[in-house]
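Positions 1 to 106 (my numbering) are the ones given, in order, by the sequence shown. Working notes for the structure below.
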Amino acid sequence: MRLNPEKCVFGVQGGKFLGFMITSRGIETNPEKCKAIIQMQSPQTVKEVQRLAGRLVSLSRFIPKLAEKAGPIFTLLRKPKDFQWTDRCEEAFRSFKTFLTTPSIL
Numbered sequence: 001m002r003l004n005p006e007k008c009v010f011g012v013q014g015g016k017f018l019g020f021m022i023t024s025r026g027i028e029t030n031p032e033k034c035k036a037i038i039q040m041q042s043p044q045t046v047k048e049v050q051r052l053a054g055r056l057v058s059l060s061r062f063i064p065k066l067a068e069k070a071g072p073i074f075t076l077l078r079k080p081k082d083f084q085w086t087d088r089c090e091e092a093f094r095s096f097k098t099f100l101t102t103p104s105i106l
């Protein structure tokens, strides 16, 4: 096996790997992924809900009981013709924003 010295980094405390932050403490959420959700406004279309769902799923290993907590949001994707952003959806969305402001470690 040959290594490319320009791409190799040795003796670092942490870095990004496959979309996650690897540190001496463990695997952490990528702050860029969290920031993308935190800065989102409430979805107004099905496409925006799909984008939110994709971002949440990419962080699913750090969000306990994601399916339960995001249930109101995921149900919107089952019936895209009946799109209606409800108070339950907004409450779930805000709880994710609050949860993601404190980084999780695996």
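C-beta atoms are modelled at their ideal positions from N, C-alpha and C, and glycine is treated no differently.
- Taking C-beta atoms as the reference points, alanine 92 and proline 72 count as a pair closer than 8 Å.
- Shown here, glutamate 28 sits in a strand according to DSSP, grouped into three states.
- In the assembly as shown, proline 43 is a buried residue. Its beta-carbon has 16 or more other beta-carbons within 10 Å.
- Beyond the five residues adjoining it in sequence on each side, proline 64 comes within less than 7 Å, by CB distance, of no other residue in the same chain.
- Comparing alpha-carbon positions, the option among Phe96, Lys69 and Gln50 lying closest to lysine 79 turns out to be Gln50.
- Every unbroken stretch of the alpha helix (DSSP H) spanning 4 or more residues and falling wholly within the region 44–84 is given here in chain order: 46–58, 66–69 and 71–78.
- Taking all protein chains shown into account, leucine 3 has fewer than 16 neighbouring C-beta atoms within 10 Å of its C-beta and is therefore exposed.
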